[in-house]
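These notes are about the structure you will find just below.
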Amino acid sequence: MKLFDVYPLFDVNIVKGKGCKVWDDKGQEYLDLYGGHAVISIGHSHPHYIEKVTEQLSRIGFYSNSVINRLQEELAERLGRISGYDDYQLFLINSGAEANENALKLASFTNGRTRVLSAQKAFHGRTSLAVEVTNNPKIIAPINDNGHVTYLPLNDLPAWEAELQKGDVCAVILECIQGVGGIQLATEEFAKGLAAACKKYGTVLICDEIQCGYGRSGKFFAHQWLGIRPDIITVAKGIANGFPMGAVLISPDFKPVYGQLGTTFGGNHLACAAALAVLDVFEEENLVENAREVGEYLLSELRSNTVRENRTAQGIITDVRGRGLMIGIDLKVPHKDVRLPLIHEQHCFTGCAGTNVLRLLPPLCLTKADADDFIERFNNVTNEIPL
Numbered sequence: 155m156k157l158f159d160v161y162p163l164f165d166v167n168i169v170k171g172k173g174c175k176v177w178d179d180k181g182q183e184y185l186d187l188y189g190g191h192a193v194i195s196i197g198h199s200h201p202h203y204i205e206k207v208t209e210q211l212s213r214i215g216f217y218s219n220s221v222i223n224r225l226q227e228e229l230a231e232r233l234g235r236i237s238g239y240d241d242y243q244l245f246l247i248n249s250g251a252e253a254n255e256n257a258l259k260l261a262s263f264t265n266g267r268t269r270v271l272s273a274q275k276a277f278h279g280r281t282s283l284a285v286e287v288t289n290n291p292k293i294i295a296p297i298n299d300n301g302h303v304t305y306l307p308l309n310d311l312p313a314w315e316a317e318l319q320k321g322d323v324c325a326v327i328l329e330c331i332q333g334v335g336g337i338q339l340a341t342e343e344f345a346k347g348l349a350a351a352c353k354k355y356g357t358v359l360i361c362d363e364i365q366c367g368y369g370r371s372g373k374f375f376a377h378q379w380l381g382i383r384p385d386i387i388t389v390a391k392g393i394a395n396g397f398p399m400g401a402v403l404i405s406p407d408f409k410p411v412y413g414q415l416g417t418t419f420g421g422n423h424l425a426c427a428a429a430l431a432v433l434d435v436f437e438e439e440n441l442v443e444n445a446r447e448v449g450e451y452l453l454s455e456l457r458s459n460t461v462r463e464n465r466t467a468q469g470i471i472t473d474v475r476g477r478g479l480m481i482g483i484d485l486k487v488p489h490k491d492v493r494l495p496l497i498h499e500q501h502c503f504t505g506c507a508g509t510n511v512l513r514l515l516p517p518l519c520l521t522k523a524d525a526d527d528f529i530e531r532f533n534n535v536t537n538e539i540p541l
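Each residue of the sequence shown is one higher than the one before, counting from 155 in our numbering.
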């Protein structure tokens, strides 16, 4: 048997990690500005994380959700306190797509509607409902194309209000910072207007914080920069630093009904131990504040010093967008022209979006020295690109 070939792979076998560095099987060190696609929040192989996960595994790693799991209760209490949502309810599952599936189902169970508004360039997952609200026809199979979704331009408030006024919209699902869409930021005016319109017309507002949340933006959730409070929040990626986990934070206005939602593996003992260890490190090392401070520094350097040193005012960088440690570098050349030599020559991992955006999603423990290191490696590549 061989693997089903669904990913184009770099010819690199990563076998070890520490902090913001990873190593391949040949011993080559790489600077990680990708974080395993925004998953590594506290850094690779954090000693406290290793200790807590190992300790839990020595006791019990898994048992059914048909019995009490005090670790779930502890996680709900601590996540509520740290995030500012202590009055919300927590449903634990296994991934971001599953979080969005359940959020959309819960919205439809609540108001009985079927239509959803989603943003152009949105990405919410690859499972049935999640992929239907993802604005990419290439990954929506015919069985998922059920006509439930209207895609609208991000930040075009009148367009969203016009659809909401029809009174038949079940839910709005929104990334306040689009990741796959190229690090596009929702504005405060748009977000507040949208939230008000959702409330007026009985539409559930879901904020997808799977990539932009969990401290990455420099606040616990990206929507907290915009002064809104959604009905449902979905999270995954950084919640357990690489252990598969997702979650739905649900307003107290929603009442649970047995049988509507469920999961076999979600919120198991090992996953909860990993998630609690992440929150320990968040508090002990002030990682949300670090994401804001180092992110502001990196954004500033990319917009000023790097631009001058790389002559990019004449053509390589066209824009730098982002918040915290979620940054998009818009290039006038295809991102592969920069990303591939960054990996293979400068030994630095980044992400990408579209055809021209280099996407930075590093662990939240990134330091200013790491940021300077990245800029030097970035300069080494872009200085070789003819203008």
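Think of the CB as a built atom: it goes at the ideal place given N, C-alpha and C, for glycine as much as any other residue. Quick caveat, the model's predicted, so the values are computed rather than measured.
C-alpha of L452 to C-alpha of R513: approximately 13 Å in a straight line. In this structure, N444 and C519 form a Cβ contact; the two beta carbons are roughly 7 Å apart against a cut-off of 8 Å. F158 is classed as exposed because its beta carbon has fewer than 16 other beta carbons within 10 Å across all chains shown. Bridge pairing for M480: R477 [DSSP]. If you ignore the 5 residues before and after L485, its C-beta comes within less than 8 Å of the C-beta of I470, I471, T472, D491, V492, N510, V511, L512, all in its own chain and listed in chain order. The region 280-293 makes no contact with the region 432-451: fewer than 3 CB pairs, one atom from each, lie closer than 8 Å. In the three-state reduction of the DSSP assignment, T388 falls in the strand class.
In summary, V448 is buried, with 16 or more beta-carbon neighbours lying within 10 Å of its beta-carbon over all protein chains present. Taking each of T304, L308, I331 in turn and checking the Cα distance to K320, the smallest one comes out for T304.
Cβ-Cβ distances below 6 Å link L456 to V474 in the same chain, with the five nearest sequence neighbours on each side left out; the list follows chain order. Taking all protein chains in view, the Cβ of G416 is surrounded by fewer than 16 other Cβ atoms within 10 Å, so the residue is classified as exposed. Taken atom to atom, the span from the alpha-carbon of L258 to that of E499 is near 44 Å. Secondary structure in the region 409-470: the alpha helix (DSSP H) runs of 4 residues or longer, each lying completely within the stretch, are 423-439, 441-457, 459-463 in chain order. N300 is classed as exposed because its beta carbon has fewer than 16 other beta carbons within 10 Å across all chains shown.
Note that the C-beta distance between T281 and C324 is not below 8 Å. For G250, the enclosing alpha helix (DSSP H) has its first and last residue at 250-265.
Membership of Q319 in any alpha helix (DSSP H) is not indicated, and neither H nor E is assigned to it by DSSP. In terms of CA proximity to V160, I293 leads the group P495, I293, H302, G381. Per DSSP, A376 is not a residue of any alpha helix (DSSP H), being assigned neither H nor E.
Secondary structure of T472 (DSSP, three-state): strand. Taking 8 Å as the cut-off, the Cβ atoms of D186 and V176 count as close.
For A351, same chain residues with a beta-carbon under 6 Å away, outside a window of 5 residues either side, are E315, L318 in chain order. Per DSSP, the unbroken beta strand (DSSP E) holding Q243 starts and ends at 243-247.
If you look at K170, you'll find it in the beta strand (DSSP E) that goes 168-172.
Under DSSP, the beta-bridge partners assigned to T304 are L271. A straight line joining the alpha-carbon of Y239 with that of I386 spans about 11 Å. Below 8 Å, enough C-beta pairs join the region 358-371 and the region 389-399 to call them touching: three or more. Within the model, the alpha-carbon separation for T418 versus L225 is close to 16 Å.
A507 is not a Cβ neighbour of G478, given a cutoff of 8 Å.
If the five residues before and after L441 are omitted, its C-beta is found closer than 8 Å to the C-beta atoms of S195, I196, G369, V435, L518, C519, all from its own chain and listed in chain order. At a cut-off of 4 residues, the continuous stretches assigned as alpha helix (DSSP H) that sit fully inside the region 191-217 are 201-213. Counting along the chain, C352 sits inside no beta strand (DSSP E); it lies in the alpha helix (DSSP H) bounded by residues 342-354. By the Cβ-count criterion, M155 is exposed, with fewer than 16 other Cβ atoms from all chains shown falling within 10 Å of its own Cβ.
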